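Participant: Input: one structure, supplied below.
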Amino acid sequence: MSTVMGTKENPWKLKTPPQTSEYEMYKDEKDGKAIIVCTVGKTVLHYDYRCVDDLYAMLKQHGDWMELGSADEQKPAKEGTVEAWGRSPENPVGGWYGLKKGFRGRFGMYVPPLMEELGLAEVEHNPRNNRIFFYPEM
Numbered sequence: 001m002s003t004v005m006g007t008k009e010n011p012w013k014l015k016t017p018p019q020t021s022e023y024e025m026y027k028d029e030k031d032g033k034a035i036i037v038c039t040v041g042k043t044v045l046h047y048d049y050r051c052v053d054d055l056y057a058m059l060k061q062h063g064d065w066m067e068l069g070s071a072d073e074q075k076p077a078k079e080g081t082v083e084a085w086g087r088s089p090e091n092p093v094g095g096w097y098g099l100k101k102g103f104r105g106r107f108g109m110y111v112p113p114l115m116e117e118l119g120l121a122e123v124e125h126n127p128r129n130n131r132i133f134f135y136p137e138m
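Here full-length UniProt numbering is used: the first residue of the sequence shown is 1, the next is one more, and so on.
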């Protein structure tokens with residue numbers, strides 16, 4: 001078994017920001033593109049892997065805590081949240097970081113804990129209305 005974290009054999013084991021649900025993520029490739037596979041129960045979501053670097057750069061430019069927000073693809077995202085940014089035509093990919101139609105939302109729920117696991121950001125763990133803050137480069 002691989003000792004490298006973030007592989008299919010050794011995925012990151014994460015919890016949602018409120019610490020109420022567990023899920024796994026790992027880096028993979030699909031159609032020649034680096035992706036993050038996120039498994040929540042029996043649901044499998046895919047995110048463009050570049051979201052990690054892009055989100056870090058956006059948070060650094062933002063320079064303050066940012067509310068996570070979280071919404072299914074069919075629901076609107078609250079403005080000014082990580083969720084809204086993760087689907088905005090103004091972000092670096094020009095839209096959704098989520099790659100599976102019908103399952104492109106919840107970016108603000110599942111990607112920030114990965115950022116925290118990677119040592120790139122701090123995430124609050126309150127029952128609701130959590131925020132994220134980037135860690136400055138050392």
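For glycine and all other residues, C-beta sits at the position ideal for the given N, C-alpha and C.
Because the structure is a prediction, the values reported are computed rather than measured.
For the stretch 27–45 against the stretch 67–84, do three or more pairs of beta-carbon atoms, one drawn from each stretch, fall closer than 8 Å, so that the two count as touching?
Facilitator: Contact between the stretch 27–45 and the stretch 67–84 is absent, because fewer than three Cβ pairs lie under 8 Å.
Participant: Enumerate in chain order the residues of its own chain whose CB-to-CB distance from TYR135 is below 8 Å, with the five nearest sequence positions on each side excluded.
Facilitator: Once the five neighbours on either side are set aside, the close Cβ partners of TYR135 are GLY119, LEU120, ALA121, GLU122.
Participant: In terms of alpha-carbon separation, which member of TRP12, GLY32, GLN19 lies closest to ARG128?
Facilitator: Of the listed residues, the one whose Cα sits closest to ARG128 is GLN19.
Participant: Comparing C-alpha positions only, which one of GLU137, ILE36, ASN10, MET5 sits nearest to LYS100?
Facilitator: When only C-alpha atoms are compared, the closest one is ILE36.
Participant: Taking the runs of the beta strand (DSSP E) that are 3 residues or longer, which of them lie wholly in the stretch 28–83?
Facilitator: DSSP runs (the beta strand (DSSP E)) wholly in the stretch 28–83: 33–40, 43–48.
Participant: Measuring CA to CA, which of PRO112, ASP53, PRO11 is closest to HIS65?
Facilitator: Before going on, a small fix: residue 65 reads as Trp here, not His. Looking at the Cα atoms, PRO112 is the closest of the given residues.
Participant: In angstroms with no decimal places, state the Cα-to-Cα distance between PHE103 and LEU45.
Facilitator: C-alpha separation (whole angstroms): 6 Å.
Participant: Taking the alpha helix (DSSP H) that GLU117 belongs to, which residues open and close that run?
Facilitator: Run containing GLU117: 107–117, per the alpha helix (DSSP H) assignment.
Participant: How would you write the range of the beta strand (DSSP E) that PHE133 sits in, first residue to last?
Facilitator: 131–134 is the extent of the beta strand (DSSP E) around PHE133.
Participant: Counting C-beta neighbours from all protein chains within 10 Å, is the total for PRO17 16 or more, i.e. buried, or is it exposed?
Facilitator: Looking at its Cβ environment, which holds 16 or more other Cβ atoms inside 10 Å, PRO17 is buried.
Participant: Am I right that LYS8 and ASP31 are in contact with their C-beta atoms under 8 Å? What's the rounded C-beta distance?
Facilitator: So it is not a contact: roughly 17 Å between Cβ atoms.
Participant: Give the DSSP-derived three-state secondary structure of TRP12 in the structure shown.
Facilitator: Note: TRP12 maps to strand in three-state DSSP.
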